[in-house]
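Novice:
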Amino acid sequence: MTKNEIALAPTAALLVIDVQKGFDDASYWGPRNNPAAEANTAALMDAWQETGRPVVLVQHASRTAGSVLAPDHPGHAFKDFVAERAGQAALLVTKTVNSSFYSTPDLAAWLTAQGIGQLVVSGIQTNMCVETTARMAGNLGYDVLVPLDATHTFDLAGPDGTALTADELATATAVNLHGGGFARVVTTAQLLAASSSPAQVTA
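Per the working numbering, residue 122 is the first one in the sequence shown, and the count goes up by one each step.
1) For the segment 293-310 and the segment 264-277, state whether three or more C-beta atom pairs, one from each stretch, are separated by less than 8 Å.
2) Hey, Val137 and Val176: beta-carbon distance below 8 Å or not?
3) Rounded C-beta distance between Gly196 and Lys142? I'm assuming under 8 Å.
4) Quick check: the segment 214-225 against the segment 242-253, are there 3 or more CB pairs under 8 Å?
5) Using CA coordinates, which residue listed in Ser317, Ala291, Thr185 is at the minimum distance from Thr253?
6) Identify every run of the beta strand (DSSP E) within the segment 173-251, keeping only runs that are complete inside it and at least 3 residues long; order them along the chain.
7) Does DSSP put Ala324 in a helix, a strand or coil?
8) Where do the N-terminal and C-terminal ends of the alpha helix (DSSP H) with Val296 fall, by residue?
9) When the Cα atoms are used, what is the spatial distance from Asn260 to Ala315?
10) Rounded to whole angstroms, what is the Cα-Cα separation between Thr225 and His181?
11) Using a Cβ-Cβ cut-off of 6 Å (strictly less than) and excluding sequence neighbours within five positions of Ala210, which residues of its own chain qualify?
12) Confirm, please, whether the CB-CB distance from Thr272 to Ala147 is below 8 Å.
13) Would you kindly work out how many angstroms separate the C-alpha atoms of Pro192 and Lys216, rounded to a whole number?
14) Would you call Val296 buried or exposed, if buried means 16 or more other Cβ atoms sit within 10 Å of its Cβ?
15) Is the beta carbon of Leu298 less than 8 Å from the beta carbon of Ala168?
16) Please report how far the alpha carbon of Leu277 lies from the alpha carbon of Phe199, in whole angstroms.
17) Could you please give the first and the last residue of the uninterrupted beta strand (DSSP E) stretch that includes Ala134?
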């Protein structure tokens, strides 16, 4: 196996986190990065379903007043490409916080029952729910892979008004996860090659 090759378990679960229509509202979130995130996520979902690996959909139900991700808002719905593939998902969990492990039903309990020890974590936002879930998964002992190009995020301002771009935040996430030993940061193409699926990156 070369340095760029990945060993993907037959039971490796793909977590698709918060890929919901509310994140398309640029007036609410501001500038985003990585326009290829959706196509890469779709390719991963197809590969997982074609090879019989489990896909877990995670849906955020915000409790914040006026949120475009609130359950009573149209933005709570999955983006169309996810909804079109949702019928083959092994599990759907709902959460109200950043970590997918604080969910209903209980994600960790389901993974244990299924004998799953390897997770691929994708979705929105890179530095929020994706990073939090990946960190917690690493702490819980899972083998975690994060295809950074199957995630995206938005520009964000800090407490002193200093702003970081979405790309800068994504880079920080990659450094945090890799440097902290929480996860391996990989690409969609690497995972597709490891999956033995004919699915390809389309963007």
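C-beta: ideal position from N, C-alpha, C; glycine also. Keep in mind it's a predicted model, so treat the numbers as computed, not measured.
Specialist: Reading it off the structure:
1) The segment 293-310 vs the segment 264-277: in contact.
2) Cβ distance < 8 Å, so Val137 and Val176 count as in contact.
3) Confirmed, Cβ separation roughly 5 Å.
4) The segment 214-225 makes contact with the segment 242-253, as at least three CB pairs between them are under 8 Å.
5) For Thr253, the closest alpha carbon among the candidates Ser317, Ala291, Thr185 is that of Ala291.
6) Whole beta strand (DSSP E) segments, 3+ residues: 176-181, 212-216, 239-245.
7) Its pLDDT being 48, under 50, Ala324 is placed unreliably in this model, and the coordinates cannot settle the point.
8) Run containing Val296: 287-300, per the alpha helix (DSSP H) assignment.
9) Here the C-alpha atom of Asn260 lies approximately 24 Å from the C-alpha atom of Ala315.
10) The straight-line gap from Cα to Cα measures roughly 11 Å.
11) Within the same chain, Ala210 has close Cβ partners Val176, Leu178.
12) With respect to Thr272, Ala147 sits apart: the two C-beta atoms are not nearer than 8 Å.
13) The straight-line gap from Cα to Cα measures roughly 11 Å.
14) With fewer than 16 other Cβ atoms within 10 Å, it is exposed.
15) Contact flag unset, no.
16) For Leu277 and Phe199, the gap between their C-alpha atoms comes out near 23 Å.
17) That run of the beta strand (DSSP E) goes 134-138.
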